Amino acid sequence: MRVVVEKVFATMPQQQVEALITVASAILWAHRTLVVELARKHRWSAMFHGRVFVEAGGLMSYAPTPQDHYRKVVVYVDRILKGAKPSDLPIERSSS
């Protein structure tokens, strides 16, 4: 898969890419160091999905931590099991 990631990044300058925003992807996550290196090599502004990309050298991430998701899920499951209707539960924003 590393070769695929490298090939995709190699075609991006031809498409006049100037910035990069990643989404949750097992392939990108597995090759996060390579993705960060390639974004840096091409001098693209890049925002990544998940803290692991920042830990690999990326500038910033925009996603909440998995732990935050798990905490929220527990609260929602508890409310539903106590009788709340899912459609009545508020949409919440992550604070992490």
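My numbering runs 38 ahead of the 1-based position in the sequence shown.
Beta carbons are placed, not taken as given, at the ideal position from N, Cα and C, and that holds for glycine.
The structure displayed is predicted, hence computed values, not measured ones.
*Beta carbon of methionine 39, beta carbon of alanine 68: below 8 Å?*
yes
_C-beta atoms of valine 74 and leucine 66 nearer than 8 Å_ = With contacts defined by Cβ atoms closer than 8 Å, valine 74 and leucine 66 do not form a contacting pair.
*Would you tell me roughly how many angstroms separate the C-alpha atoms of arginine 81 and proline 128, rounded to the nearest one?*
If you take the alpha carbons of arginine 81 and proline 128, they lie about 40 Å apart.
*asked:* Between the alpha carbons of serine 99 and arginine 89, how many angstroms are there, rounded?
replied: Going from the Cα of serine 99 to the Cα of arginine 89 covers about 6 Å.
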